[in-house]
Amino acid sequence: MADKKLSYHLLGHFTSGGVADLHSAVLSDGRRVLIRSLQSTKVLSLKSHLRFRYGLKVREVLTPHPNIIGSMERGYHGLQPYEIIEWFEGHSIKNYITNRNEQLYRELVYVLSEAAEGLAWVHASGYMHLDVKPENFLLRLSPTARPVVKLTDFDLVRRADDRGPRRQMGTPAYMPRSNSSRKSRRRHRTSLPSASWPISWPRVACLSPARVRSRPGAGKRASRWKHGPFTN
């Protein structure tokens with residue numbers, strides 16, 4: 002990163018998620034950006050602080066890449082770590098899935114290939130994402146252009162060669178069954194198992210396999226989806 006700090010005008014609070022608050026802002030050159038900072042209630046939590054700060058560094062290392070939400074600056078406001086990241090016009094893939102967007106279904110293979118490109122870059126750079134899920138992929142759909150997919154949220158990222166013990170990370174609903182035991186969690190050290198969420202139609206419909214199995218009529222639902230979840 003350059004030593005000179007970016008000049009911006011803060012527009013206001015955009016959203017909050019995980020341990021971060023996001024504010025929208027406009028740079029002096031007119032570009033819109035997001036300022037992502039550690040929540041004030043987490044600043045004095047050493048674990049949250051170090052994990053968040055490491056995620057900022059990882060995003061910086063991964064920038065630039067067409068399938069990564071890029072970093073423009075990182076630093077501190079007092080005790081609060083922050084980063085300035087690119088503004089992206091779009092929504093999470095989870096949002097499109099929830100709304101049963103038909104264009105997403107038509108472009109699904111391309112969307113998955115672009116998501117895989119982002120993950121491949123993370124892995125090629127020597128990291129594991131560890132929280133691969135539709136919420137962490139941003140997607141822009143257009144009737145006149147190919148979809149644009151970008152991976153974000155690097156707060157749980159670890160080095161690929163990190164073999165030290167750790168607590169289970171990620172979102173349980175998107176984890177493979179092999180991660181159900183402590184022993185297997187130590188054995189599996191890749192982002193890829195949790196990346197299996199798009200392969201199964203129940204997961205595309207925002208249902209984890211466990212939830213599908215536990216619901217009445219799951220077999221009928223699976224049969225109805227054999228031609229895709231957006232058909233009647």
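Position 17 (the sequence shown) corresponds to 18 in the working numbering; numbering is contiguous.
C-beta atoms are modelled at their ideal positions from N, C-alpha and C, and glycine is treated no differently.
Here the structure is a predicted model, which is why all the values come from computation and not from measurement.
For residue i, which residues does DSSP report across the bridge?
{"i": "Ala146", "result": "Ser143"}
{"i": "Phe138", "result": "Leu152"}
{"i": "Arg159", "result": "Met129"}
{"i": "His10", "result": "Val27"}
{"i": "His124", "result": "Paired residue(s): none; His124 is not in a bridge."}
For residue i, is the classification buried or exposed, using 16 other Cβ atoms within 10 angstroms of its Cβ as the cut-off for buried?
{"i": "Ser38", "result": "buried"}
{"i": "Val34", "result": "buried"}
{"i": "Leu11", "result": "exposed"}
{"i": "Lys5", "result": "exposed"}
{"i": "Leu80", "result": "exposed"}
{"i": "Ser143", "result": "exposed"}
{"i": "Thr153", "result": "buried"}
{"i": "Lys48", "result": "exposed"}
{"i": "Ser29", "result": "exposed"}
{"i": "Ser72", "result": "buried"}
For residue i and residue j, which I take to be in contact (beta-carbon distance under 8 Å), what is that distance rounded to the nearest angstrom?
{"i": "Lys23", "j": "Ile85", "result": "Correcting the residue identity first, residue 23 is Leu in this sequence and not Lys. Rounded, the Cβ-Cβ distance is 11 Å, inconsistent with contact."}
{"i": "Arg141", "j": "Glu90", "result": "6 Å"}
{"i": "Val44", "j": "His50", "result": "6 Å"}
{"i": "Val62", "j": "Ser114", "result": "With a Cβ gap of about 23 Å, Val62 and Ser114 do not count as contacting."}
>> Which complete alpha helix (DSSP H) runs does the region 22-86 hold, if anything under 4 residues is left out?
In response: Fully enclosed alpha helix (DSSP H) runs of 4 or longer: 47-63.
> Is the region 144-160 touching the region 41-60 in the sense that three or more CB pairs, one from each, lie closer than 8 Å?
Replying inline: Short answer: they touch.
> Should the region 76-90 be called in touch with the region 125-136, which here means at least 3 C-beta pairs below 8 Å?
Replying inline: Fewer than three beta-carbon pairs drawn from the region 76-90 and the region 125-136 are found closer than 8 Å, and the two stretches are therefore not classed as touching.
> Does the region 108-125 come within contact of the region 6-26, defined as at least 3 CB pairs closer than 8 Å?
Replying inline: Three or more Cβ pairs closer than 8 Å define a contact, and the region 108-125 falls short of that threshold against the region 6-26.
> Hey, is the region 143-154 in contact with the region 62-71, meaning 3+ C-beta pairs nearer than 8 Å?
Replying inline: With the cut-off at 8 Å, the region 143-154 and the region 62-71 touch.
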